[in-house]
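Engineer: A single structure is presented below for examination.
There are 2 protein chains.
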Amino acid sequence: MGNKETGINTLREDKKDMILKTASGLFAEKGFSSVGIRDIAGKAGVNISMISYYFGGKTGILKEILSDFLDKYSNLITSAIEESEDTFVFIENLVARIVPFFRQNTEAVLIFVTELPVDSSDITEFKAEKIRGFVQFLEKILAKSKIPLDEKYLPGIIGPVFFSVIFSHFLFKPVVSKTFNMDFNEDFYIRYTQIIKTILTGMLRELQTSFKNKEL
Amino acid sequence: MGNKETGINTLREDKKDMILKTASGLFAEKGFSSVGIRDIAGKAGVNISMISYYFGGKTGILKEILSDFLDKYSNLITSAIEESEDTFVFIENLVARIVPFFRQNTEAVLIFVTELPVDSSDITEFKAEKIRGFVQFLEKILAKSKIPLDEKYLPGIIGPVFFSVIFSHFLFKPVVSKTFNMDFNEDFYIRYTQIIKTILTGMLRELQTSFKNKEL
DNA sequence: TTCTTTTAATCAAACGTTTGTTTAACTTTA
DNA sequence: TAAAGTTAAACAAACGTTTGATTAAAAGAA
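Listed in order, the protein sequences are those of chains A and B.
Numbering of the first sequence is given in my numbering, commencing with residue 423 and proceeding in unit increments.
Numbering of the second sequence is given in my numbering, commencing with residue 423 and proceeding in unit increments.
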């Protein structure tokens, strides 16, 4: 089972990863609370006690999934900001990066969003921290456009909208693919990237002109 | 406890409503699977067996919450379509109605979204039905604009985006209000309505011109 | 009206199952 | 040999549901 011969991973990392990946799939499909550790251990082919051994408990798995995802996500956004001067160029860069990232991490996206309102005290802690960071990033974008940052409520409104425009597809994906007979292939995601870019561009453009013309 | 004297509600409806409201709050806060029927019955001040008696089980409560919410939501959208000829007028009308509706039914919004990817077979059934209806509504809007409906992937992309732009605030609300010290008062929602209108308008406008100029 | 029967509502208690976690013994690795 | 990994078994607690008895109101019969 272990690939110690390759020298890439230890056996320990193999089992940890197996638990992580199995749990990730189950959490995304059924929701965190609906998944039992026996489900996870069974499908991952490990003993149930391995979960407590490696992660300190069921919640530990969730923590690691979300923490990994949010770390990668933070880095992705940070580097996208650094590489783009103009706001609209930034949107291009950001969407071009986020779409494949969300494709590869759809399960984590789903888990993050569906566990978002849940009060788990332990997880809320670093979830709030990451969201603070996300708003700071958003302020950097807005600063580059002509949209007034001093506007009292604006960041709190645009933030969730901006984020959700991109993730909404992945949230609705299971239902949509069941309801209709759509297959989300490479073709789809090329088109998807184009349309999301257009939507976000239009969003910001309209906000800019509305503020310019004192309509807002 | 019952207000039979008023003649408005029977005692039966009182208890049913109490269970429904209590459960709604708990589901929105902790997530459906994390809430036990003893929590619900305890806080609602009824016997646990009343849940099975009135709703046929814990899942029955969830069904009724979501079914009520989606019914009201469907009616809201239908009447908004009927009353508006132009696409952009429709957006004005829709947002003006949905924002107060989502404010009053925030718990149901949260429950719907967080239970969206979950496979519960029983609930998925009518959830899919409602979403089919929503897409049909969306096609009516797009038909009024110059955005091509025959476009293969477009409805499957714009649908979730359109919906999520409006609900995203309510999804992030618990986290945002905890992370920052924002209070969501009447002032906020007046501004919120304005900005969402602007965003959705810009979204559609940009799509229109992009298709017109053959950029998409 | 008065008595009887029926129906619906409510309750405490118990049902069997599943939950996440822990223990203590055993095996593998270094 | 010492440490790390792995296992089956057992743990108390919580889970959703059901039971059978009890109460209260409504309906039917006298």
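Backbone N, C-alpha and C define an ideal beta-carbon position, used for all residues, glycine too.
1. Between which two residues does the alpha helix (DSSP H) holding A/LEU484 run?
2. Under 8 Å, CB to CB, which of the residues in the segment 523-541 of chain B have a partner in chain A?
3. Three or more C-beta pairs closer than 8 Å, one from the segment 451-460 of chain B and one from the segment 447-466 of chain A: is that the case here?
4. For chain A, check one thing: does any of its Cβ atoms lie closer than 9 Å to the Cβ of B/ASP508?
5. By how many angstroms is the C-alpha of A/PHE584 removed from the C-alpha of A/TYR575?
6. I need the DSSP call for B/LYS549, collapsed to helix, strand or coil.
7. Distance cutoff 9 Å, beta carbons only. Does B/GLY424 sit that close to anything in chain A?
8. Just confirm the distance between the C-beta atoms of B/PRO582 and A/SER590, as a whole number of angstroms; I'd bet it's less than 8 Å.
9. For A/GLN616, go through chain B and note every residue whose CB falls closer than 7 Å to its CB, in chain order.
10. When DSSP labels each residue in this structure, what does B/PRO522 get in the three-state scheme?
11. Could you tell me if B/ASN527 is buried or exposed, where buried requires 16 or more neighbouring beta carbons within 10 angstroms of its beta carbon?
12. Return the chain-ordered list of same chain residues with a C-beta closer than 6 Å to the C-beta of B/LEU516, the five sequence neighbours on each side being excluded.
13. Compute the beta-carbon to beta-carbon distance between B/LYS443 and B/MET472, rounded to the nearest angstrom, for a pair I have assumed lies under 8 Å.
14. Are the CB atoms of A/ARG525 and A/TYR611 nearer to each other than 9 Å?
15. Would a check of beta-carbon distances place A/ILE460 closer than 9 Å to chain B?
16. In chain order, what residues of the same chain have a beta carbon less than 6 Å from the beta carbon of B/LYS566, not counting five sequence neighbours either side?
17. So, is the C-beta of A/THR500 closer than 9 Å to a C-beta in chain B?
18. Just to confirm my understanding: we take B/PHE606, look at its own chain, exclude 5 residues before and 5 after, and list those with CB closer than 8 Å. What are they?
19. If the cut is a Cβ gap below 9 Å, which residues of chain B does A/LEU593 touch?
20. Whole angstroms is fine: what's the gap from B/ILE430's alpha carbon to A/PHE477's?
21. Would A/GLU641 count as contacting chain B if we go by Cβ distances under 9 Å?
22. Does any residue of chain A bring its CB to less than 9 Å from the CB of B/VAL511?
23. At the level of alpha carbons, what is the spacing between B/THR432 and B/VAL468?
24. Which residues in chain A have a C-beta closer than 7 Å to the C-beta of B/PRO596? List them in chain order.
25. Span of the alpha helix (DSSP H) holding B/ILE618?
26. Report yes or no: is there a C-beta of chain A within less than 9 Å of the C-beta of B/VAL517?
27. Excluding sequence positions up to five away, which residues of its chain have a Cβ less than 7 Å from the Cβ of B/LEU629?
Structural biologist: Well, looking at it:
1. First-last of the alpha helix (DSSP H) with A/LEU484: 480-504.
2. Flagged, chain order: LEU532, VAL535, THR536, GLU537, LEU538, PRO539, VAL540 and ASP541.
3. Yes: the two stretches touch, three or more of their Cβ pairs being nearer than 8 Å.
4. Using beta-carbon distances, B/ASP508 does not count as an interface residue toward chain A, since no partner is under 9 Å.
5. Straight-line measurement puts the Cα of A/PHE584 at about 15 Å from the Cα of A/TYR575.
6. Three-state result, B/LYS549: helix.
7. With a pLDDT of 31 at B/GLY424, under the threshold of 50, the modelled position of this residue cannot be trusted; read the value that follows with caution. Not an interface residue.
8. With 8 Å as the limit, B/PRO582 and A/SER590 qualify as a contact, their Cβ atoms being about 4 Å apart.
9. Chain-order list of chain B residues neighbouring A/GLN616: LEU638, by C-beta distance under 7 Å.
10. In this structure, B/PRO522 counts as helix in the three-state DSSP scheme.
11. Buried is the label assigned to B/ASN527, since at least 16 other Cβ atoms lie within 10 Å of its Cβ.
12. Leaving aside the five residues that flank B/LEU516 on each side, the residues in its chain whose CB is nearer than 6 Å to its CB run, in chain order, ALA502.
13. Not really, about 14 Å apart at Cβ, beyond 8 Å.
14. A contact, by the Cβ cut-off of 9 Å.
15. For the record, residue 460 of chain A in the displayed sequence is Arg; it is not Ile. With respect to chain B, the C-beta atom of A/ARG460 has no partner C-beta closer than 9 Å.
16. Around B/LYS566: THR509.
17. No, because no Cβ of chain B sits closer than 9 Å to the Cβ of A/THR500.
18. Cβ-Cβ distances below 8 Å link B/PHE606 to LYS595 and SER599 in the same chain, with the five nearest sequence neighbours on each side left out; the list follows chain order.
19. From the beta-carbon of A/LEU593, the residues of chain B found nearer than 9 Å are VAL535, LEU538, PRO539, PRO582 and SER586.
20. Model confidence at B/ILE430 stands at a pLDDT of 34, short of 50, so the residue's coordinates are unreliable; what they give is reported in the following sentence. About 54 Å.
21. What the structure shows of chain A is the stretch from 423 to 638, and residue 641 of chain A is not part of that stretch, so it cannot be assessed.
22. No, because no Cβ of chain A sits closer than 9 Å to the Cβ of B/VAL511.
23. Only weak support is given to the placement of B/THR432: the predicted model assigns it a pLDDT of 49, under 50, and the question is left unresolved by the model.
24. Residues of chain A passing the Cβ test: PRO539.
25. In the DSSP annotation of this structure, the continuous segment of the alpha helix (DSSP H) that includes B/ILE618 starts and ends at 608-634.
26. False, the Cβ-Cβ gap to chain A never drops below 9 Å.
27. Counting only residues of its own chain and dropping the five nearest sequence neighbours on each side, B/LEU629 has a CB closer than 7 Å to the CB of ILE569.
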